[in-house]
Each structure stands twice: as structure tokens, then as C-alpha cells.
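Below is one structure, written out as C-alpha cells, with a few remarks after it.
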Amino acid sequence: MNIEGFELRRVAMPLVSPFRTSFGTQTARDILLVKAVTDASEGWGECVSLHDPLYSPEYTEGVVDVLKRFVLPALGAARMRTATAVAPALHAFKGHRMAKAVVETAVLDAELRAEGRSFARELGGVHDRVPCGVSVGIMDTIPQLLDAVGGYLDAGYVRIKLKIEPGWDVEPVRAVRERFGDDVLLQVDANTAYTLRDARQLAKLDDFDLLLIEQPLEEEDVLGHADLAKLVRTPICLDESITSAQTAAAAIRLGATSVINIKPGRVGGYLEARRIHDLAVAHGIPVWCGGMVESGLGRAANIALASLPGFTLPGDVSASDRFYATDITPPFVMQDGHLEVPTGPGLGVEPVPEILEEFTTATEWIPV
Ligand code: OSB
Ligand code: MG
Numbered sequence: 003m004n005i006e007g008f009e010l011r012r013v014a015m016p017l018v019s020p021f022r023t024s025f026g027t028q029t030a031r032d033i034l035l036v037k038a039v040t041d042a043s044e045g046w047g048e049c050v051s052l053h054d055p056l057y058s059p060e061y062t063e064g065v066v067d068v069l070k071r072f073v074l075p076a077l078g079a080a081r082m083r084t085a086t087a088v089a090p091a092l093h094a095f096k097g098h099r100m101a102k103a104v105v106e107t108a109v110l111d112a113e114l115r116a117e118g119r120s121f122a123r124e125l126g127g128v129h130d131r132v133p134c135g136v137s138v139g140i141m142d143t144i145p146q147l148l149d150a151v152g153g154y155l156d157a158g159y160v161r162i163k164l165k166i167e168p169g170w171d172v173e174p175v176r177a178v179r180e181r182f183g184d185d186v187l188l189q190v191d192a193n194t195a196y197t198l199r200d201a202r203q204l205a206k207l208d209d210f211d212l213l214l215i216e217q218p219l220e221e222e223d224v225l226g227h228a229d230l231a232k233l234v235r236t237p238i239c240l241d242e243s244i245t246s247a248q249t250a251a252a253a254i255r256l257g258a259t260s261v262i263n264i265k266p267g268r269v270g271g272y273l274e275a276r277r278i279h280d281l282a283v284a285h286g287i288p289v290w291c292g293g294m295v296e297s298g299l300g301r302a303a304n305i306a307l308a309s310l311p312g313f314t315l316p317g318d319v320s321a322s323d324r325f326y327a328t329d330i331t332p333p334f335v336m337q338d339g340h341l342e343v344p345t346g347p348g349l350g351v352e353p354v355p356e357i358l359e360e361f362t363t364a365t366e367w368i369p370v
């Protein structure tokens, strides 16, 4: 397989409703797609970076810059032919994992399509469908939140995640428990909005039998999470702090995380995501697949990853209509609270050409 070049494509997709987290409110997604074009096939990657560096240091214009300035020229110079060669060819460049992940995913998709193998099969998936969780944004009022959660439960979601921040934590959790009962699988995500001084407030969540508290403290405060784990009974789950298998190993050793949210984009790609899965399984740490408000392309790959055996908790793997009225691929539709794992070559899904064109705001061809 010889790589001829990469198409960078920007796609603007409106969200069905605003999505508010402790770091901001999103009303639309400006997605960077990368298409790898080889002499044998084409493959897609979806970049998870956000428009602004509010979740991680990366941001989409920065990803485009690092791709054009460093990543794609290095791949061309390496005459790289397989997805496993991508990470070594880029190793000299520090960080920029979302940028590295999107090109590795595009090359992997191209390679698997050429060979007729699916992502799930390549990564080691063992299930043909995965359970769906949903991430519920911060709302203006508790009644609004209860309406939203009720709607997702009616739709069949098997796990609810509430976004929290100081001032929106114990009360919304209590209200959801009171209205929907103790059987609902429930967890919270703070996106780094607290400090260790908030330990007593966070310990109040212990009364509600939550599956986990996700990333309460700053990304780099791994020790703080280890200290917090001794002050609260609810399991701590790291998201932002887990940037590689190496940081995952350290966080596990320190007792900073007893569950891990794996997001392939955050850790440099699906191959590193699988290494974190394997490490976690070896340590008896449950993992689940995070989401970054992906279109159907990124969603397809996440579903494949979530079918690996260590993904024992439902992920932020939801149906297309959780975020998008119209997806750029045929929509992922939930059945009985689950999504089917794609079995076709590569991602197993492709953009619908007319819809892709309709949402596209810019394209650029970069030969290598
Ligand atoms: O922290 O998990 C997060 C979305 C954007 C940025 C960060 C996060 C999220 C989510 C997942 O909560 C949403 C989804 O894709 O289902
Ligand atoms: Mg999170």
C-alpha cells in the first residue's frame, strides 16, 4: 500500500441541543476529517479536537497546522505503508496526540479496507453489539435536567452520565436518583472543575451509589486524584489525565484511578487505546469508551473499540441522534439500548456523499 496523500476536510454540524460542560457550551461541531488516499483504497479519520483548547491543549486550527507543518511531511518522508508505522514515524514530535490519532486512524481504515478486515476484528472485539450510555449536559434548571434524563431513559439508554461543576453536583444527582430510582446506572463527569479542597463536597456524592466520578481535578493532578480516592468512596475515573499507556500505568500504580475512560483521540489513536485496554485488563481495572461528540465516522471506530472484552462498563457511545439530526454517515440507531458493531471492511461505514458535501466548509489536498 502506497500513500498518495491526505485530504483535510472541515465539516460544520449543528447539534440538536446545546451541550454544556464545566468548560463551556457547544452548539455546533466543527469537525476535521482526514481521508488517506492510497493506491489500494481510501480511509477516514475523524479528529476529536475541539475548536478551542478547553478540554485539552489541542484545538482544531492547531491540529491542521501541526499536520501540514510536521506530521504529514514526516509520514511522506518515512514512506510509511502501514498504520503500525505511523506512531514510530511521528515519535519525535512531542504531544499532539489528537493530530497523530486522526492520521493513524485514516491510514488504518485504508489498510483494513484494502484487506477486507473490520476495525473490531483488527482490534480484538468480542461482542457484536455494545451497550449505550449517554452524557447529559449541565442544564439551567433541575426540571429541565429531569426531562432530558427521562427522555434518554425512555429511548433505552442503559447508563446516564451527568456533567457536573461546583454549584451543579449534589442536587442534580439527588433529583435524578429520587425521580428515576436506585437501579439507574449513574455517574458524573466534572472535566477538571474541582480542587482537592472540594473533597468534602465530592464525598457527599457517596450517598448516591454512583458508578464513578470522572476527572474531578486538573489533568496534571494525578497525585491529587490519588489523595481524593482516599477521601471519597465513589470510584475515581480519569479521562483528561490519561494521555498514553505510560500515564495510565502510573495512575493505576498511584491509586489515582480505579476505572479508566479510554478516548482514542486523546491517547494518539486506536492502537494506543488498545494498549491501555490491555494494561487495564491486566490490572483488573474496568474501562469504558469515551466520546467526543463524534459524527458517524468516529462513532463507528469507537463502537468497534468498545466491543473489546475489557470494556465492561457502558461507554459514552450513543446513537447518532443524541447529537445530530442528520449524520454524515447512515445514522447509528439504538436497538434495545445497544448499537451493532460494524462488520464491513475498515470502519464499516462511509459518508453519504451528498450529506458530506452539504456540511463541508473547506477541503484541502496534501500530497505526500
Ligand atoms: O469529558 O467526556 C468528556 C464531550 C466533549 C468533550 C469532553 C467530554 C465529552 C463527553 C462525551 O462527555 C460526549 C459524547 O460524545 O457522548
Ligand atoms: Mg470526561
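Going by the working numbering, the sequence shown opens with residue 3, and the numbers climb by one from there. Using N, Cα and C, we set each Cβ at its ideal position, and we do this for glycine too. Keep in mind it's a predicted model, so treat the numbers as computed, not measured.
field: Pair within 8 Å by beta-carbon distance, Pro344 and Ala308
entry: Taking 8 Å as the Cβ cut-off, Pro344 and Ala308 do not qualify as a contacting pair.
- request: Return the CA-CA distance between Ala14 and Ser322, expressed in angstroms with no decimal places.
  value: When the Cα atoms are used, Ala14 and Ser322 turn out to be separated by approximately 15 Å.
- request: Figure out for me which residue from Val151, Thr363, Tyr57 and Asp130 has the closest Cα to the Cα of Gln337.
  value: Out of Val151, Thr363, Tyr57 and Asp130, Asp130 has the C-alpha closest to the C-alpha of Gln337.
- prompt: Do Asp241 and Lys265 come within 8 Å of each other at the CB atom, strictly closer than that value?
  reply: It is a contact, given that the beta carbons lie within the stated cut-off.
- prompt: Which partner residues does Asn263 have in the DSSP bridge list?
  reply: According to DSSP, Asn263 bridges with Trp290.
message: One question on the structure: do Asn304 and Val319 come within less than 8 Å of each other, judged by their Cβ atoms?
response: In contact: Asn304 and Val319 (Cβ atoms closer than 8 Å).
- request: Spatial neighbours of Val18 within its chain, please: CB distance less than 8 Å, with the 5 preceding and 5 following residues excluded, ordered by chain position.
  value: Excluding the 5 residues flanking it on each side, Val18 has same chain C-beta neighbours closer than 8 Å at Asp323, Arg324, Phe325, Tyr326 and Ala327, in chain order.
query: What did DSSP end up calling Ala32 once you bin it into helix, strand or coil?
result: Note that residue 32 is Asp in the sequence shown here, rather than Ala. Per DSSP, reduced to three states, the secondary structure at Asp32 is strand.
- prompt: To the nearest angstrom, how far is it from the Cα of Gly45 to the Cα of Ala85?
  reply: Near 11 Å, if we compare the C-alpha coordinates of Ala85 and Gly45.
message: For a test of the three-state rule: what should DSSP assign to Lys102, helix, strand or coil?
response: In the three-state scheme derived from DSSP, where H, G and I count as helix and E and B as strand, Lys102 is classed as helix.
- request: On a CA-only basis, which of Ala79, Ala228 and Ala116 is nearest Asp41? Give me that one, please.
  value: Of all alpha-carbon atoms in Ala79, Ala228 and Ala116, the one lying nearest the alpha-carbon of Asp41 is that of Ala116.
- request: Give the secondary structure of Gln217 by DSSP, where H, G and I count as helix, E and B as strand, and everything else as coil.
  value: Reduced to three states, the DSSP call for Gln217 is coil.
- request: Helix, strand or coil for Ile5, going by three-state DSSP, please let me know.
  value: In the three-state reduction of the DSSP assignment, Ile5 falls in the strand class, which pools E and B.
- prompt: For Arg301, which of Ile33, Gln28 and Glu6 has the nearest alpha-carbon?
  reply: Scanning Ile33, Gln28 and Glu6 for the CA closest to the CA of Arg301 turns up Ile33.
query: Would DSSP call Arg324 helix, strand or coil?
result: Residue state, collapsed to three classes: helix.
- prompt: Could you give the distance in angstroms between the alpha-carbon of Glu167 and the alpha-carbon of Pro90?
  reply: Per the coordinates, the alpha-carbon of Glu167 lies some 39 Å from the alpha-carbon of Pro90.
query: How about Ala253 and Ile278: are their beta carbons less than 8 Å apart?
result: Taking 8 Å as the Cβ cut-off, Ala253 and Ile278 do not qualify as a contacting pair.
message: By alpha-carbon positions, which one of Ile5, Val370 and Pro333 ends up nearest to Ile357?
response: The option with the nearest alpha carbon to Ile357 is Pro333.
Anticipated Cβ contact below 8 Å, Leu69 with Leu110, distance rounded: Going by Cβ atoms, the distance from Leu69 to Leu110 rounds to 16 Å, so no, they are not a contact pair.
message: Looking at Pro316: is its Cβ nearer than 8 Å to the Cβ of Arg161?
response: In contact: Pro316 and Arg161 (Cβ atoms closer than 8 Å).
task: Give me the Cα-Cα distance between Ala177 and Asn263, rounded to the nearest whole angstrom.
output: Spanning the two alpha carbons is a distance of roughly 25 Å.
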